[in-house]
Ligand SMILES: Cc1cc2nc3c(=O)[nH]c(=O)nc-3n(C[C@H](O)[C@H](O)[C@H](O)COP(=O)(O)OP(=O)(O)OC[C@H]3O[C@@H](n4cnc5c(N)ncnc54)[C@H](O)[C@@H]3O)c2cc1C
Ligand code: FES
Ligand code: FES
């Protein structure tokens, strides 16, 4: 079957999609977007996390046909502006993960970036206080990392939250 | 395999009548695992996420809440903590945020796993399950819905359209045992609901039998122990007895998540805890009234 999705702001079409295929497979294998990772295909690890409309989901748990006509934002859609991959400026969450040393093998990173982006969007981004440590842990409970031990990831989320709060303040003062 | 994505309930029911073997898919958090791992190859997947009325909830004017089968857990947590406190508490313990954004009570009832976290609160509150087909709509008490291991009162041509939750008339609590706070299928779980108007007690036991279970002897015992006119802390012996009766109602097995003996023990502890929380809440409410 044919599936039409708005991915990262562009309308795209995938052809010859099998009815039982996951959105993750379509993104990676048919649309050339390998940022979302496949580590478990059973909803356990969160490395395939994407926005579906406005909420984050495990794309391995969404049937491709369920995404028909909807909008999806993947890790590739977080970086701002035009250009390809590494040419584009990273968003605050991505930059904070690099600066805090929260990336080792990197397999969990795309999912963590999207899930953190959502957490900060709903907190500092909405004019609310930065998330507390328990709130960060709760939000990231479905994202597994086998390398970092999570401490640097928590550092990165706090750093991104601080920076976003600063820009928001600067913005509203200006 | 074919994929159908009806946009009205009528179309969905007609498709289910025509293809009774079609597998409904809502949040997909059970179905996609089976598809990804080649455990299931249905001829037809019936997507229910475009049927608007399944994705809504409404209050019915008499305090009851009709919760569409496709409302995800994250919305139950955000929108129904007052109208469905037991179910909202249980929803909070399901999986992770990403799964709670997709997973639904309709899917939990459809799969009918004895470990489904939404199910004990439905038993404890005497909720109704609404089943629809081209032949019409009927409701079945959640207490009569589970027949045997993963077998339910739903007929092949029927879809689960909603659950109807009675107006809460007292404290409702949920407790779950697992190896961590998030992302665990329950080793065992327990839901308790006090109906202070009807002066009855409701219970639900998860993951300790072939189906979610009630502890009826424990319910009757506790209804007789509570002083409904002026609620007071219960004597320790009564609290312990309630725990024993809940544990005795379970029919657990030994499996990779826990032994039968551990499950019974954990149930008696959760029964005592949820009872203590409930009596504390009840006394607070009574003091304010
Ligand atoms: C990583 C992970 C963790 C999980 N953790 C938990 C947990 O902690 N607690 C828990 O209870 N569950 C858990 N689950 C299981 C699952 O998320 C729940 O059972 C959820 O409620 C399923 O809802 P769904 O909408 O995703 O169902 P789906 O996968 O869409 O469907 C599940 C079943 O119900 C049927 N069905 C769906 N909708 C209907 C309908 N309207 N009418 C008739 N049949 C229907 C389907 O055909 C299928 O058989 C977990 C799953 C994953 C992947
Ligand atoms: S690949 Fe989707 S959650 Fe692990
Ligand atoms: S950095 Fe390797 S899994 Fe997280």
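Residue numbers (my numbering), protein chains in the order written: chain A, 30 to 203; chain B, 19 to 307.
Heads up, the beta-carbon is just placed ideally off N, CA and C, and yes, glycines get one too.
Please read all numbers here as calculations on a predicted model, not as lab measurements.
Rounded to whole angstroms, what is the Cα-Cα separation between residue i and residue j?
{"i": "residue 292 (chain B)", "j": "residue 24 (chain B)", "result": "42 Å"}
{"i": "residue 203 (chain A)", "j": "residue 196 (chain A)", "result": "Caution applies to residue 203 (chain A), whose pLDDT of 39 falls short of 50 and renders its modelled position unreliable; the value that the coordinates give is listed next. Distance between the alpha carbons of residue 203 (chain A) and residue 196 (chain A) is about 10 Å."}
{"i": "residue 38 (chain B)", "j": "residue 174 (chain B)", "result": "5 Å"}
{"i": "residue 45 (chain A)", "j": "residue 129 (chain A)", "result": "42 Å"}
{"i": "residue 181 (chain B)", "j": "residue 75 (chain B)", "result": "9 Å"}
{"i": "residue 145 (chain B)", "j": "residue 45 (chain B)", "result": "22 Å"}
{"i": "residue 17 (chain B)", "j": "residue 86 (chain A)", "result": "With chain B covering 19 to 307 only, the question about residue 17 (chain B) has no answer from this structure."}
{"i": "residue 296 (chain B)", "j": "residue 29 (chain B)", "result": "44 Å"}
{"i": "residue 103 (chain B)", "j": "residue 192 (chain B)", "result": "9 Å"}
{"i": "residue 287 (chain B)", "j": "residue 243 (chain B)", "result": "18 Å"}
{"i": "residue 175 (chain A)", "j": "residue 116 (chain B)", "result": "19 Å"}
{"i": "residue 84 (chain A)", "j": "residue 245 (chain B)", "result": "46 Å"}
{"i": "residue 126 (chain A)", "j": "residue 92 (chain B)", "result": "27 Å"}
{"i": "residue 205 (chain B)", "j": "residue 122 (chain B)", "result": "20 Å"}
{"i": "residue 165 (chain B)", "j": "residue 234 (chain B)", "result": "17 Å"}
{"i": "residue 202 (chain B)", "j": "residue 128 (chain B)", "result": "19 Å"}
{"i": "residue 161 (chain A)", "j": "residue 38 (chain A)", "result": "32 Å"}
{"i": "residue 151 (chain A)", "j": "residue 187 (chain B)", "result": "33 Å"}
{"i": "residue 266 (chain B)", "j": "residue 207 (chain B)", "result": "14 Å"}
{"i": "residue 185 (chain B)", "j": "residue 101 (chain B)", "result": "7 Å"}
{"i": "residue 188 (chain A)", "j": "residue 122 (chain A)", "result": "8 Å"}
{"i": "residue 274 (chain B)", "j": "residue 280 (chain B)", "result": "12 Å"}
{"i": "residue 229 (chain B)", "j": "residue 160 (chain B)", "result": "11 Å"}
{"i": "residue 48 (chain A)", "j": "residue 34 (chain A)", "result": "15 Å"}
{"i": "residue 152 (chain B)", "j": "residue 238 (chain B)", "result": "39 Å"}
{"i": "residue 147 (chain A)", "j": "residue 178 (chain A)", "result": "22 Å"}
{"i": "residue 139 (chain A)", "j": "residue 213 (chain B)", "result": "47 Å"}
{"i": "residue 307 (chain B)", "j": "residue 179 (chain B)", "result": "37 Å"}
{"i": "residue 80 (chain B)", "j": "residue 189 (chain B)", "result": "19 Å"}
{"i": "residue 63 (chain A)", "j": "residue 181 (chain A)", "result": "24 Å"}
{"i": "residue 193 (chain A)", "j": "residue 58 (chain B)", "result": "45 Å"}
{"i": "residue 116 (chain A)", "j": "residue 56 (chain A)", "result": "21 Å"}
{"i": "residue 132 (chain B)", "j": "residue 271 (chain B)", "result": "12 Å"}
{"i": "residue 71 (chain B)", "j": "residue 124 (chain A)", "result": "42 Å"}
Rounded to the nearest angstrom, how far is the Cβ of residue i from that of residue j, given a contact under 8 Å?
{"i": "residue 159 (chain A)", "j": "residue 191 (chain A)", "result": "7 Å"}
{"i": "residue 219 (chain B)", "j": "residue 252 (chain B)", "result": "Actually they do not touch by this definition, with Cβ atoms about 12 Å apart."}
{"i": "residue 353 (chain B)", "j": "residue 222 (chain B)", "result": "This structure leaves residue 353 (chain B) out entirely; chain B is present only between 19 and 307."}
{"i": "residue 131 (chain A)", "j": "residue 32 (chain A)", "result": "Not quite, the Cβ-Cβ distance comes to about 34 Å (not below 8 Å), so this is no contact."}
{"i": "residue 282 (chain B)", "j": "residue 231 (chain B)", "result": "Contact flag wrong, Cβ pair sits at about 12 Å."}
{"i": "residue 104 (chain A)", "j": "residue 149 (chain A)", "result": "With a Cβ gap of about 15 Å, residue 104 (chain A) and residue 149 (chain A) do not count as contacting."}
{"i": "residue 106 (chain B)", "j": "residue 99 (chain B)", "result": "4 Å"}
{"i": "residue 224 (chain B)", "j": "residue 134 (chain B)", "result": "7 Å"}
{"i": "residue 171 (chain A)", "j": "residue 98 (chain A)", "result": "About 26 Å separates the two Cβ atoms, so there is no contact after all."}
{"i": "residue 130 (chain B)", "j": "residue 170 (chain B)", "result": "5 Å"}
{"i": "residue 257 (chain B)", "j": "residue 294 (chain B)", "result": "7 Å"}
Less than 8 Å separating the beta-carbons of residue i and residue j?
{"i": "residue 60 (chain B)", "j": "residue 108 (chain B)", "result": "no"}
{"i": "residue 110 (chain B)", "j": "residue 183 (chain B)", "result": "no"}
{"i": "residue 47 (chain B)", "j": "residue 125 (chain B)", "result": "yes"}
{"i": "residue 53 (chain A)", "j": "residue 77 (chain A)", "result": "yes"}
{"i": "residue 63 (chain B)", "j": "residue 43 (chain B)", "result": "yes"}
{"i": "residue 301 (chain B)", "j": "residue 249 (chain B)", "result": "yes"}
{"i": "residue 107 (chain A)", "j": "residue 91 (chain A)", "result": "no"}
{"i": "residue 176 (chain B)", "j": "residue 137 (chain B)", "result": "no"}
{"i": "residue 169 (chain A)", "j": "residue 133 (chain A)", "result": "no"}
{"i": "residue 89 (chain A)", "j": "residue 19 (chain B)", "result": "no"}
{"i": "residue 100 (chain A)", "j": "residue 79 (chain A)", "result": "no"}
{"i": "residue 68 (chain A)", "j": "residue 136 (chain A)", "result": "yes"}
{"i": "residue 31 (chain B)", "j": "residue 65 (chain B)", "result": "no"}
{"i": "residue 264 (chain B)", "j": "residue 284 (chain B)", "result": "no"}
{"i": "residue 260 (chain B)", "j": "residue 289 (chain B)", "result": "yes"}
Where are the beta strand (DSSP E) runs, 3 residues long or more, that stay fully inside the segment 152-216 of chain B, in chain order? List check, beta strand (DSSP E) in window: 154-159, 164-166, 177-183, 190-195, 206-213.
For ligand 5, list every residue whose C-beta falls under 7 Å from any of its heavy atoms, going in chain order. Ligands displayed in this structure: ligand 1, ligand 2 and ligand 3; ligand 5 is not among them.
Please list the residues of the segment 190-213 of chain B that have a C-beta atom closer than 9 Å to any C-beta atom in chain E, keeping them in chain order. Structure shown: chain E not included; protein chains present are A and B.
Quick one: complete beta strand (DSSP E) runs, 3+ long, within the segment 77-152 of chain A? As summarised for the segment 77-152 of chain A, the continuous beta strand (DSSP E) elements at least 3 residues long and confined to that stretch are 78-81, 84-87, 100-102, given in chain order.
Near ligand 2, which residues have their beta-carbon closer than 7 Å to a heavy atom? Having a Cβ closer than 7 Å to some heavy atom of ligand 2 are A:53, A:66, A:67, A:68, A:69, A:70, A:71, A:72, A:73, A:74, A:75, A:76, A:77, A:87, A:88, A:89, A:90.
Within the segment 72-118 of chain B, ranges of the alpha helix (DSSP H) (whole runs, at least 4 residues): 91-97, 103-110, 115-118
Quick one: complete alpha helix (DSSP H) runs, 4+ long, within the segment 249-307 of chain B? 254-267, 278-306
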